[in-house]
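**Q** When we follow UniProt numbering, the leftmost residue of the sequence shown carries the number 1, and every step to the right adds one. The beta carbon of each residue, even a glycine, is placed where N, CA and C say it ideally should be. What you are looking at is a predicted structure, and each value in this text was computed from that prediction instead of being measured. So that we are looking at the same thing, I have put the structure below in structure tokens.
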Amino acid sequence: METQLLEDLGKISIDENDVHLEKSLEKFLDASSDNQSSSSVDLKDKFIDILMKRNTPKIVLLVVKCIAEITKNADQRMKFSNSDILEKLMEMLDTALNKRDIELTSQLCRALGNIFYSNDDSRNIIFHHDGGQILTKLFDVNNNEIKSPEELQTFSKVRSGVMSNYLLGNEELSQRAIELKIVEKIKSRIDDALHPFNDSILEHLLPLLSILTEQVSDLIFDSDILARIVKIFKSSMNSDVVESCLELFHCQAENDEIKLLLAKEGICEHIFESLEKYKSLIGNVEARSLVKLSCDLIVMILTGDEAMRYLDQTPLLSLIQKWLDSPDEYLMTTSVLALGNFARTDNHCIKMVDDKIMLKLMDILKKNIQPDADARLQHALLSAIRNLVIPKQNKDAIIDSGLVEIITPMLDFQQQPPVVFKVIGTLRMLIDGQDALALKMLNNSELIGKLVEWARKTPDMVGVNSEASRLMAWLIKNGYRSRDKGIDSEPLKAFINVDGSVDVLVKMLSSAHVVMQNEAVIALTIIALLIQNHQGLTKLLTDANIAGSLADFIGRISETERITNEILDNLSTLIIVLKKSDEMRKYLNDKQIDEKSIPRMRELATL
Numbered sequence: 001m002e003t004q005l006l007e008d009l010g011k012i013s014i015d016e017n018d019v020h021l022e023k024s025l026e027k028f029l030d031a032s033s034d035n036q037s038s039s040s041v042d043l044k045d046k047f048i049d050i051l052m053k054r055n056t057p058k059i060v061l062l063v064v065k066c067i068a069e070i071t072k073n074a075d076q077r078m079k080f081s082n083s084d085i086l087e088k089l090m091e092m093l094d095t096a097l098n099k100r101d102i103e104l105t106s107q108l109c110r111a112l113g114n115i116f117y118s119n120d121d122s123r124n125i126i127f128h129h130d131g132g133q134i135l136t137k138l139f140d141v142n143n144n145e146i147k148s149p150e151e152l153q154t155f156s157k158v159r160s161g162v163m164s165n166y167l168l169g170n171e172e173l174s175q176r177a178i179e180l181k182i183v184e185k186i187k188s189r190i191d192d193a194l195h196p197f198n199d200s201i202l203e204h205l206l207p208l209l210s211i212l213t214e215q216v217s218d219l220i221f222d223s224d225i226l227a228r229i230v231k232i233f234k235s236s237m238n239s240d241v242v243e244s245c246l247e248l249f250h251c252q253a254e255n256d257e258i259k260l261l262l263a264k265e266g267i268c269e270h271i272f273e274s275l276e277k278y279k280s281l282i283g284n285v286e287a288r289s290l291v292k293l294s295c296d297l298i299v300m301i302l303t304g305d306e307a308m309r310y311l312d313q314t315p316l317l318s319l320i321q322k323w324l325d326s327p328d329e330y331l332m333t334t335s336v337l338a339l340g341n342f343a344r345t346d347n348h349c350i351k352m353v354d355d356k357i358m359l360k361l362m363d364i365l366k367k368n369i370q371p372d373a374d375a376r377l378q379h380a381l382l383s384a385i386r387n388l389v390i391p392k393q394n395k396d397a398i399i400d401s402g403l404v405e406i407i408t409p410m411l412d413f414q415q416q417p418p419v420v421f422k423v424i425g426t427l428r429m430l431i432d433g434q435d436a437l438a439l440k441m442l443n444n445s446e447l448i449g450k451l452v453e454w455a456r457k458t459p460d461m462v463g464v465n466s467e468a469s470r471l472m473a474w475l476i477k478n479g480y481r482s483r484d485k486g487i488d489s490e491p492l493k494a495f496i497n498v499d500g501s502v503d504v505l506v507k508m509l510s511s512a513h514v515v516m517q518n519e520a521v522i523a524l525t526i527i528a529l530l531i532q533n534h535q536g537l538t539k540l541l542t543d544a545n546i547a548g549s550l551a552d553f554i555g556r557i558s559e560t561e562r563i564t565n566e567i568l569d570n571l572s573t574l575i576i577v578l579k580k581s582d583e584m585r586k587y588l589n590d591k592q593i594d595e596k597s598i599p600r601m602r603e604l605a606t607l
């Protein structure tokens with residue numbers, strides 16, 4: 001039926017009287033509620049003709065309404081992506097705006113908004129005619145200039161709609177709109193909606209700011225507009241408005257200065273209080289996106305150093321700890337992530353251990369140790385715990401609380417390399433300076449076997465290979481940091497008896513990272529020094545092609561900017577110690593590996 005109506009419209013004579021023309025247009029509009037306009041009928045020329053030759057206000061309004069209805073159809077949109085019709089519509093919009101003809105302006109916004117929707121051709125035509133100047137003028141209309149609340153609501157919706165469809169997905173158009181002061185104009189309209197507070201107007205204005213922020217990467221709003229958004233966020237009961245505010249905060253808080261500003265505005269505390277107030281509702285499906293956006297914003301703000309220092313002087317830390325006991329896993333995870341961000345300084349880490357927060361984190365980890373537990377929560381826990389084990393004075397208490405026994409089973413998480421990466425990194429930080437623990441772990445053949453497996457796993461995932469290799473080297477370095485003559489070499493023997501352990505250390509010599517090369521040199525030197533007479537050590541080293549790895553290391557020294565005299569001295573020591581074994585000396589000499597080449601390399605070293 002609608003196709004027939006469109007065809008009938010196409011047959012209308014431009015010379016018909018106003019009454020007949022109006023009836024034809026109204027008949028089409030009355031029947032066009034299903035938005036399924038036929039794509040086969042092209043009416044743009046007919047409508048241009050009418051708009052050019054018939055200037056009766058009612059007919060003009062009806063034609064624009066018809067265009068708005070027809071262009072809901074994607075194919076019709078393309079037919080109207082034509083300079084003639086678009087220029088005419090923009091000219092009419094400019095005139096209607098100047099006259100403050102809100103009804104016609106609203107219908108023109110509908111028509112243009114539908115034409116712009118997912119239609120780069122039409123938007124480019126407008127851009128090249130600098131139509132953005134006219135579109136931004138829409139935001140010069142203040143609320144007081146509109147007669148009724150209903151008309152204001154409609155106008156606010158279509159004004160933002162046409163601008164959104166025009167800007168969306170095009171950085172160049174957004175950049176031009178910013179040059180035309182669109183942000184300042186939106187700020188003025190926000191002020192209108194704040195006095196008195198009008199959620200329904202704000203609901204349409206805020207998404208425009210989000211579009212601009214997402215498309216113009218370096219766009220940072222001034223403190224005035226952010227203060228307004230904060231006020232809206234704290235005052236609105238409209239979930240769509242609150243969500244828009246949160247999305248804006250997320251985009252803007254990529255900047256550390258904005259993190260600090262939001263911290264000072266009390267955003268984190270407001271979120272906490274709101275979620276506590278409405279905690280009976282946060283399980284609601286519709287509320288989950290708001291809960292997640294809110295929680296993620298707290299964590300994001302805390303990643304800023306200045307913001308974290310500021311919030312340290314507020315009650316936030318004590319408040320956020322309460323969520324460690326929350327039955328809601330997302331709130332619990334947020335608490336852990338927030339605590340982990342506070343634990344970026346030794347003072348905070350020490351206090352958290354003294355205050356038994358560490359024990360609470362470990363208790364949560366015990367309950368989430370399974371491979372199918374929430375990986376995000378596991379990550380958060382391991383990240384926080386890793387920070388807490390760094391200060392020297394925390395280590396004994398944490399070791400005594402059984403951390404190693406809790407997290408080492410997680411090395412079996414074959415499908416969770418990122419979690420394993422965190423586990424290994426935490427263990428590496430924990431054993432730093434802890435010789436007794438390092439020796440105990442060296443003696444654990446099952447543990448070393450798992451580390452060898454991860455160090456050799458291909459393809460490497462998220463750096464687990466390197467982290468596992470480094471932990472093995474650190475165990476040796478820290479286990480034998482003492483120079484006591486009565487040192488026990490049995491843990492070291494247990495280590496090298498694990499298949500592949502020596503091979504992993506030898507392969508570290510060929511690492512692209514100087515720090516790993518040096519760690520391997522130190523570990524291999526300790527092995528060669530303390531158990532040089534161990535039956536089978538020479539075979540392990542030669543099977544691992546230590547000569548090839550040393551040759552590769554030496555050959556790349558002149559190309560390595562970060563090489564130091566300390567590393568060269570360590571390398572020289574390793575070769576000297578290896579040569580104390582008759583078998584190794586012959587093997588290395590045959591491969592032309594000689595510590596005497598080290599002094600020549602020293603001249604190329606960076607100091």
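#1: Is it buried or exposed, residue 409, if we count other Cβ atoms within 10 angstroms and call 16 or more buried?
#2: Scan the stretch 17-72 and note each continuous alpha helix (DSSP H) run of 4 residues or more that stays entirely inside, going in chain order.
#3: Could you pull out every residue in the same chain whose Cβ sits closer than 6 Å to the Cβ of residue 35, ignoring the five residues on either side in sequence?
#4: For the alpha helix (DSSP H) that residue 348 lies in, which residues bound it at each end?
#5: For residue 608, count the other beta carbons within 10 Å of its own beta carbon; 16 or more makes it buried, fewer makes it exposed. Which is it?
#6: Which residue wins for smallest C-alpha separation from residue 301, given the options 326, 267, 133?
#7: Residue 413 to residue 193, Cα distance in whole Å?
#8: With a cut-off of 8 Å, do at least 3 Cβ pairs link the stretch 365-377 to the stretch 331-339?
#9: Taking the C-alpha atoms as reference points, what is the distance between residue 212 and residue 444?
#10: Out of 535, 327, 502, 354, which has the shortest C-alpha to C-alpha gap to residue 391?
#11: Applying the 10 Å Cβ sphere with the 16-neighbour rule, what's the burial state of residue 195?
#12: So, residue 362 versus residue 406, is the Cβ gap smaller than 8 Å?
#13: So, at 8 Å on beta carbons, what are the nonlocal neighbours of residue 576 in its own chain, with the 5 sequence-adjacent residues on each side left out?
#14: Output yes or no for whether 8 Å exceeds the beta carbon distance between residue 450 and residue 523.
#15: Can you look up residue 342 in the DSSP assignment and give me helix, strand or coil?
#16: Let me know the secondary structure DSSP gives residue 139 once reduced to three states.
#17: Buried or exposed for residue 555, please, with buried defined as at least 16 other CB atoms from any protein chain shown within 10 angstroms of its CB.
#18: Candidates 214, 176, 242, 220: which alpha carbon is nearest residue 202's?
#19: Between which two residues does the alpha helix (DSSP H) holding residue 456 run?
#20: Which residues in the same chain as residue 19 place their Cβ atom closer than 7 Å to its Cβ, once the five residues preceding and following it in sequence are excluded?
#21: Distance check for residue 372 and residue 531, CA to CA, integer angstroms please.
#22: So, residue 236 versus residue 191, is the Cβ gap smaller than 8 Å?
#23: In angstroms, rounded to a whole number, what distance separates the CA positions of residue 175 and residue 205?
#24: In the structure shown, what three-state DSSP assignment does residue 233 receive?
#25: Does the stretch 224-231 touch the stretch 273-290, meaning 3 or more C-beta pairs lie closer than 8 Å?
#26: Taking residue 564 as the reference, which of 517, 26, 544, 578 has the closest Cα?
#27: Short of 6 Å in beta carbon distance, which residues of its chain neighbour residue 145, apart from the five on each side in sequence? Order them along the chain.
#28: State buried or exposed for residue 68, treating a residue as buried only when at least 16 other CB atoms are found within 10 Å of its CB.
#29: List the whole-angstrom C-beta distance separating residue 248 from residue 188, where the pair is believed to meet the contact cut-off of C-beta under 8 Å.
#30: Would you be able to state if there are at least three C-beta pairs under 8 Å between the stretch 278-298 and the stretch 345-353?
#31: Out of 459, 287, 433, 551, which has the shortest C-alpha to C-alpha gap to residue 240?
#32: I'd like the ranges of any alpha helix (DSSP H) spanning at least 4 consecutive residues and lying wholly in the stretch 166-219.
#33: Compare the C-beta of residue 349 against all C-beta atoms of chain D and say whether one is closer than 8 Å.
**A** From the atom records:
#1: For the purposes of this step, residue 409 is taken as residue 409 along the sequence shown, with counting starting at 1. Under this definition residue 409 is an exposed residue.
#2: As far as the stretch 17-72 is concerned, its whole alpha helix (DSSP H) runs of at least 4 residues are 18-30, 44-53, 57-70.
#3: Translated into positions along the sequence shown, residue 35 becomes position 35. Confidence at residue 35 is low in this model, with a pLDDT of 47, below 50, so the placement of that residue is unreliable and no value is reported for it.
#4: If you number the sequence shown from 1, residue 348 lands on position 348. Residue 348 -> alpha helix (DSSP H) spans 346-354.
#5: No answer is possible for residue 608: it lies beyond the span of the chain, which begins at 1 and ends at 607.
#6: Against the sequence shown, residue 301 aligns to sequence position 301. For residue 301, the nearest C-alpha among the options comes from 267.
#7: The residue given as residue 413 occupies position 413 in the sequence shown. The residue given as residue 193 occupies position 193 in the sequence shown. Computed Cα separation, rounded: 53 Å.
#8: Between the stretch 365-377 and the stretch 331-339, the count of Cβ pairs shorter than 8 Å is three or higher; the stretches touch.
#9: Working through the sequence shown from its first residue, we reach residue 212 at position 212. Working through the sequence shown from its first residue, we reach residue 444 at position 444. For residue 212 and residue 444, the distance between alpha carbons rounds to 57 Å.
#10: Sequence index remark: in the sequence shown, residue 391 carries index 391 (1-based). Among 535, 327, 502, 354, the Cα nearest to that of residue 391 is on 354.
#11: Numbered from its first residue, the sequence shown carries residue 195 at position 195. Result: exposed.
#12: Sequence index remark: in the sequence shown, residue 362 carries index 362 (1-based). Sequence index remark: in the sequence shown, residue 406 carries index 406 (1-based). Yes, Cβ-Cβ distance for residue 362 and residue 406 is below 8 Å.
#13: Numbered from its first residue, the sequence shown carries residue 576 at position 576. Hits under 8 Å: 595.
#14: For this step, residue 450 is matched to residue 450 along the sequence shown. For this step, residue 523 is matched to residue 523 along the sequence shown. Going by C-beta atoms, residue 450 is not nearer than 8 Å to residue 523.
#15: The count along the sequence shown starts at 1 and reaches residue 342 at position 342. Residue state, collapsed to three classes: helix.
#16: Residue mapping note: residue 139 aligns to position 139 of the sequence shown, counting from 1. Residue 139 falls in the helix class under three-state DSSP.
#17: Counting from one through the sequence shown, the residue named residue 555 turns up at place 555. When all chains shown are included, residue 555 counts as exposed.
#18: The residue given as residue 202 occupies position 202 in the sequence shown. Per the C-alpha coordinates, the member of 214, 176, 242, 220 positioned closest to residue 202 is 242.
#19: Residue numbering aside, residue 456 sits at position 456 when the sequence shown is read from its first letter. Its alpha helix (DSSP H) spans residues 445-456.
#20: Numbered from 1 along the sequence shown, position 19 holds the residue referred to as residue 19. Answer for residue 19: no residue qualifies.
#21: Position 531 of the sequence shown holds residue 531. Position 372 of the sequence shown holds residue 372. Answer to the nearest angstrom: the Cα atoms are 42 Å apart.
#22: Position 236 of the sequence shown holds residue 236. Position 191 of the sequence shown holds residue 191. No. Outside cutoff.
#23: As a position in the sequence shown, residue 175 is number 175, starting the count at 1. As a position in the sequence shown, residue 205 is number 205, starting the count at 1. Looking at the two C-alpha atoms, the distance is approximately 18 Å.
#24: By one-based count along the sequence shown, residue 233 stands at place 233. The answer is helix: DSSP assigns residue 233 an H, G or I state.
#25: In short, these stretches do not touch, since the Cβ pair count stays below three.
#26: Working through the sequence shown from its first residue, we reach residue 564 at position 564. For residue 564, the nearest C-alpha among the options comes from 517.
#27: Residue mapping note: residue 145 aligns to position 145 of the sequence shown, counting from 1. So the qualifying residues of the chain are 100.
#28: Counting from one through the sequence shown, the residue named residue 68 turns up at place 68. By the 10 Å Cβ count, residue 68 comes out buried.
#29: Residue numbering aside, residue 248 sits at position 248 when the sequence shown is read from its first letter. Residue numbering aside, residue 188 sits at position 188 when the sequence shown is read from its first letter. Not quite, the Cβ-Cβ distance comes to about 17 Å (not below 8 Å), so this is no contact.
#30: no
#31: Working through the sequence shown from its first residue, we reach residue 240 at position 240. Distances from the alpha-carbon of residue 240 to those of 459, 287, 433, 551 put 287 closest.
#32: 171-179, 182-194, 199-215
#33: No chain D appears in this structure, which consists of one protein chain only.
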